[in-house]
Amino acid sequence: MEALLRQSRAMCPFLNKTSPATLRSMSTRTNAALPAPGGGAMSNLQLVAKRCPVMSKAMTVQSGRYALACAVGGQRAYHSKAPRANLHTTAPKEARAVEMPSAARREHVPFARQAPAAYSAQQQLHGQQNLAHPPPPPQAARFNYDEFYKNELDKKHKDKSYRYFNNINRLAQDFPRAHMNGENERVDVWCSNDYLGMGRNPQVLKKMHETLDKYGSGAGGTRNISGHNQHAVGLEAACAKLHAKEAALVFSSCYVANDATLATLGSKMPDCVILSDSMNHASMIQGIRHSGAKKIVFKHNDLVDLENKLASLPPNQPKIIAFESVYSMCGSVGPIEEICDLAEKYGAITFLDEVHAVGMYGPNGAGVAEHLDYDVYASGRSPKGTVQDRVDIITGTLGKAYGCVGGYIAGSAAMVDTIRSLAPGFIFTTSLPPATMAGAQTAIEYQMEHRGDRRQQQLHTRAVKAALAARDIPVIPNPSHIVPVLVGNAEVAKRASDLLLEKHAIYVQAINYPTVPVGQERLRITPTPGHDETFQERLVAALESVWSELGIKRTSDWAAEGGFIGVGVKDATAVEPLWSDEQLGLNEAKEEEKIGAAASA
Numbered sequence: 047m048e049a050l051l052r053q054s055r056a057m058c059p060f061l062n063k064t065s066p067a068t069l070r071s072m073s074t075r076t077n078a079a080l081p082a083p084g085g086g087a088m089s090n091l092q093l094v095a096k097r098c099p100v101m102s103k104a105m106t107v108q109s110g111r112y113a114l115a116c117a118v119g120g121q122r123a124y125h126s127k128a129p130r131a132n133l134h135t136t137a138p139k140e141a142r143a144v145e146m147p148s149a150a151r152r153e154h155v156p157f158a159r160q161a162p163a164a165y166s167a168q169q170q171l172h173g174q175q176n177l178a179h180p181p182p183p184p185q186a187a188r189f190n191y192d193e194f195y196k197n198e199l200d201k202k203h204k205d206k207s208y209r210y211f212n213n214i215n216r217l218a219q220d221f222p223r224a225h226m227n228g229e230n231e232r233v234d235v236w237c238s239n240d241y242l243g244m245g246r247n248p249q250v251l252k253k254m255h256e257t258l259d260k261y262g263s264g265a266g267g268t269r270n271i272s273g274h275n276q277h278a279v280g281l282e283a284a285c286a287k288l289h290a291k292e293a294a295l296v297f298s299s300c301y302v303a304n305d306a307t308l309a310t311l312g313s314k315m316p317d318c319v320i321l322s323d324s325m326n327h328a329s330m331i332q333g334i335r336h337s338g339a340k341k342i343v344f345k346h347n348d349l350v351d352l353e354n355k356l357a358s359l360p361p362n363q364p365k366i367i368a369f370e371s372v373y374s375m376c377g378s379v380g381p382i383e384e385i386c387d388l389a390e391k392y393g394a395i396t397f398l399d400e401v402h403a404v405g406m407y408g409p410n411g412a413g414v415a416e417h418l419d420y421d422v423y424a425s426g427r428s429p430k431g432t433v434q435d436r437v438d439i440i441t442g443t444l445g446k447a448y449g450c451v452g453g454y455i456a457g458s459a460a461m462v463d464t465i466r467s468l469a470p471g472f473i474f475t476t477s478l479p480p481a482t483m484a485g486a487q488t489a490i491e492y493q494m495e496h497r498g499d500r501r502q503q504q505l506h507t508r509a510v511k512a513a514l515a516a517r518d519i520p521v522i523p524n525p526s527h528i529v530p531v532l533v534g535n536a537e538v539a540k541r542a543s544d545l546l547l548e549k550h551a552i553y554v555q556a557i558n559y560p561t562v563p564v565g566q567e568r569l570r571i572t573p574t575p576g577h578d579e580t581f582q583e584r585l586v587a588a589l590e591s592v593w594s595e596l597g598i599k600r601t602s603d604w605a606a607e608g609g610f611i612g613v614g615v616k617d618a619t620a621v622e623p624l625w626s627d628e629q630l631g632l633n634e635a636k637e638e639e640k641i642g643a644a645a646s647a
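Set out below in structure tokens:
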């Protein structure tokens with residue numbers, strides 16, 4: 047009690063100046079003319095409190111509670127001989143819906159406001175009758191939301207990283223051609239992630255049309271409510287079979303798949319640590335952030351740095367190594383087998399993003415992990431012990447090489463069921479439409495049976511890279527299907543993209559920060575099976591013209607400066623493509639040419 051009194055005196059000038067004896071005397075003397083809440087007369091102490099802006103509010107609340115109790119239980123509850131404490135200890139636990147009288151509703155104030163600081167101590171101490179309900183506090187200055195938006199956009203404009211969207215309408219029957227605002231404004235598309243042109247595949251379109259007509263446009267809800275159907279079951283079975291895993295789970299996109307899976311595992315595993323490649327996609331970075339787990343970033347594809355960081359962690363601590371197979375903006379390829387070795391050595395699991403590789407590599411199109419054991423999968427032998435088999439979690443997309451939309455994870459049945467049961471990004475998201483899932487399943491099965499598209503894509507990639515190298519146009523070296531043409535300046539990259547579109551009817555989007563670091567801006571070119579020699583000649587001629595018109599650095603210019611991110615590096619080791627000549631059938635073609643030449647002679 048003494049501690050409470052001391053605390054109250056520190057907050058209230060009246061209590062601070064009044065002796066305990068006086069307070070006791072005031073609390074026992076009553077004023078018969080003034081009734082107190084709950085019956086009886088009001089004490090002199092209550093009368094003084096009524097004048098206080100703070101206490102008067104509290105007393106008003108008490109009066110409201112009294113009125114409410116009367117409305118619910120009747121006056122008898124308040125005036126019975128039972129102790130008043132029983133109002134709180136003997137009430138029934140069942141919830142009751144009661145009609146509160148309008149007068150009680152007006153008086154019932156659940157939270158009383160404190161007196162504004164502007165009131166003087168004299169007013170707080172003595173109070174005035176007309177201050178029983180103090181005026182509202184002065185209006186605070188409103189946050190200027192529009193100014194905030196403008197400032198953020200101004201920053202993007204000033205650093206030349208503001209993004210402009212072009213109206214590009216791909217033509218299914220004429221891809222890689224598209225039209226802009228008007229259907230007669232035709233352009234060549236050179237930056238699509240529909241790497242194999244599956245968005246126009248006749249089998250995929252036929253299946254989607256049939257499913258759309260029979261099952262409608264939408265799934266009708268989340269998977270746990272009404273969006274689970276045969277199309278989801280079939281698609282997940284196809285994804286699991288593609289990667290030779292026990293199970294798979296489909297999401298609305300691979301961004302969501304990465305985010306939901308890493309966030310769920312990182313938050314549920316006790317004291318989990320996630321080791322992330324420095325060039326990982328934003329979806330993985332976001333998932334790690336959402337997990338709340340400790341994050342350790344290792345240098346891009348640097349096995350020594352990764353091992354040092356793994357070795358610094360306790361052996362029994364759960365660890366996830368998150369990385370990609372093909373890094374889409376530079377085309378580099380992760381050392382998957384070596385990372386699996388480190389994971390096994392230090393008790394970690396592997397999380398491999400194959401988004402830009404599924405459909406593109408391996409005899410079945412499962413990605414780089416499959417491609418590393420090409421002969422095993424091509425012959426149909428058991429995948430046990432292969433690199434793909436050793437990877438714990440594989441994520442992929444249905445929206446790039448497969449030409450549809452959506453993402454998925456594949457792995458052990460227990461892992462997949464854990465994510466299915468715990469990940470909000472899966473549980474609370476509407477399922478993909480039946481036609482989309484049916485089309486994606488058809489695309490996967492088609493590419494598992496046909497290797498011609500990815501073989502043609504690789505041949506076109508080789509041809510474009512060789513032609514640009516011959517023109518001294520700087521391509522960042524890599525072993526994949528990505529053709530990143532280095533510009534090195536955000537404003538110039540945007541001007542180059544605009545000039546290609548406006549003057550040459552070629553669409554290649556400029557890539558700038560935050561997708562790539564500042565100073566590494568580029569044009570990202572992605573050949574498809576449809577970019578034949580005629581398309582290639584137009585592209586190379588247009589790039590030559592733009593490079594000359596804008597004075598953009600060429601490979602020799604970068605070499606004179608000592609080289610930069612692989613361009614113009616002296617005595618650099620040649621980068622061998624993932625697809626070998628033998629896998630592309632080029633050795634057989636060369637042998638046939640030799641035989642034909644000998645026969646002619």
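Under the working numbering, the first residue of the sequence shown is numbered 47, with each subsequent residue one higher. No residue lacks a Cβ here, since even glycine has one placed at the ideal position from N, Cα and C.
For residue i, does the three-state DSSP call read helix, strand or coil?
i	result
V650	Outside the modelled stretch of the chain, which goes from 47 to 647, sits residue 650, for which no answer is possible.
D221	The question names Asp, but residue 221 in the sequence shown is Phe. Coil.
K430	coil
D323	strand
K340	strand
D259	helix
S89	strand
P530	strand
L398	strand
H496	coil
L359	coil
T106	helix
Y373	coil
A556	strand
V302	helix
I366	strand
T482	helix
T64	coil
V564	coil
V279	helix
T268	strand
V379	strand
Using the Cβ count rule (16 or more neighbours within 10 Å means buried), how would you classify residue i?
i	result
R142	Because R142 carries a pLDDT of 44, less than 50, the predicted location of this residue cannot be relied on, and the following value inherits that uncertainty. Exposed is the call here.
G449	buried
G173	Note that G173 scores 48 on pLDDT, short of 50, meaning its location in the model is unreliable; the coordinates nonetheless yield the value given after this. That one is buried.
F297	buried
L388	buried
E198	exposed
Out of the options, point me to the one whose CA is closest to residue i's CA.
i	options	result
G565	H577, I611, G597	I611
N213	H577, E548, G426	E548
E353	L321, L311, F472, Q185	L321
G413	V350, Y559, L251, L288	L288
E628	D421, A587, K599, I440	D421
H255	A486, D220, K314, G431	A486
L514	D463, A539, Q503, R584	R584
T307	K391, T488, Y191, I331	I331
G442	A286, T432, A357	A286
S329	D463, L281, S428, T561	T561
F397	S371, G411, V404	S371
L356	A588, A512, I385, M494	I385
What are the residues that DSSP puts in a beta bridge with residue i?
i	result
G442	Y454
L418	BP columns for L418 are empty, so no partner.
A605	According to DSSP, A605 bridges with nothing at all.
N215	H225
L295	I455
D544	Bridge partners of D544: none, in fact.
V235	Y553
I571	V529
F610	V613
V538	Paired residues: none, contrary to the question.
Hey, would you say the C-beta of residue i is under 6 Å away from at least one heavy atom of the ligand COA?
i	result
K340	The model on display carries no ligand, and the ligand COA is accordingly not part of it.
Review point. Just checking, does the stretch 237 to 244 make contact with the stretch 571 to 586 on the three C-beta pairs under 8 Å criterion?
Key: yes
Review point. Can at least three beta-carbon pairs, one atom from the stretch 512 to 526 and one from the stretch 368 to 382, be found at a separation below 8 Å?
Key: yes
Check your understanding: Does the stretch 469 to 478 come close enough to the stretch 223 to 230 to have 3 or more Cβ pairs within less than 8 Å?
Key -> no
Check your understanding: Any contact of the stretch 259 to 274 with the stretch 476 to 487, i.e. 3+ C-beta pairs under 8 Å?
Key -> yes
Point to revise | Validate contact between the stretch 589 to 598 and the stretch 617 to 631 using beta carbons, cut 8 Å, 3 pairs | key: no
Review point. With contact counted as at least three CB pairs below 8 Å, one residue from each stretch, are the stretch 498 to 518 and the stretch 359 to 367 in contact?
Key: no
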